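**Q** Quick one: structure below, then a few questions.
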Amino acid sequence: MAEYWQALTTVPSAEEGARLAHSITQARLASCVQMIGPIRSVYWWQGTLEDAQEWQLLIKTTATQFPALEEHIKENHSYETPEIIATEIVAGSAEYLGWISAETTRTDASS
């Protein structure tokens, strides 16, 4: 299993995205959350084809933090079944990957 992951989720508003991004990073579940949007999503939900405006959160984390990150998203997301997908980061600069590790394990209040 790769040590570094990028997770993503989508939210229905910029405000919810900002709240979730802040709560994830403040809890040290990720080193960085980037919010992209608005995006347009077309998807099936409960037998109906939906067409919605959403914002996507790209979350940089570690494999060890992912279970807690997943639980945090489920507990703090407005969707009944939020999109939570993670992919392994198979390569990256040593400095950047080191920063991900450092920021997800830091315990002091400084950043």
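According to our numbering, the residues represented by the sequence shown are 626 to 736, in order.
Cβ atoms here follow ideal geometry from the backbone N, Cα and C, with glycine treated the same way.
Note that the coordinates shown come from a computational prediction; the quantities given were computed from them, not determined experimentally.
Less than 7 Å between the C-beta atoms of residue 710 and residue 685, yes or no?
**A** Within the sequence shown, numbered from 1, the residue matching residue 710 stands at position 85. Within the sequence shown, numbered from 1, the residue matching residue 685 stands at position 60. No, the Cβ-Cβ distance between residue 710 and residue 685 is not below 7 Å.
**Q** Compute the Euclidean distance between the alpha carbons of residue 691 and residue 728, then round it to the nearest angstrom.
**A** By one-based count along the sequence shown, residue 691 stands at place 66. By one-based count along the sequence shown, residue 728 stands at place 103. If you take the alpha carbons of residue 691 and residue 728, they lie about 14 Å apart.
**Q** Quick check on residue 736: buried or exposed, where buried means 16 or more other Cβ atoms within 10 Å of its Cβ?
**A** As a first step, residue 736 is located in the sequence shown; it is residue number 111 there, counting from the start. Residue placement at residue 736 cannot be trusted, given a pLDDT of 46 that sits under 50; the coordinates are not used to answer.
**Q** Answer yes if the region 642-662 comes into contact with the region 694-712, meaning at least three C-beta pairs across the two stretches below 8 Å, and no otherwise.
**A** The region 694-712 vs the region 642-662: in contact.
**Q** List the whole-angstrom C-beta distance separating residue 718 from residue 637, where the pair is believed to meet the contact cut-off of C-beta under 8 Å.
**A** Position 93 of the sequence shown, counted from the first residue, corresponds to residue 718. Position 12 of the sequence shown, counted from the first residue, corresponds to residue 637. About 34 Å separates the two Cβ atoms, so there is no contact after all.
**Q** So, helix, strand or coil for residue 693, using DSSP?
**A** Here residue 693 is taken as the residue at index 68 of the sequence shown, counted from 1. Here residue 693 sits in helix by DSSP.
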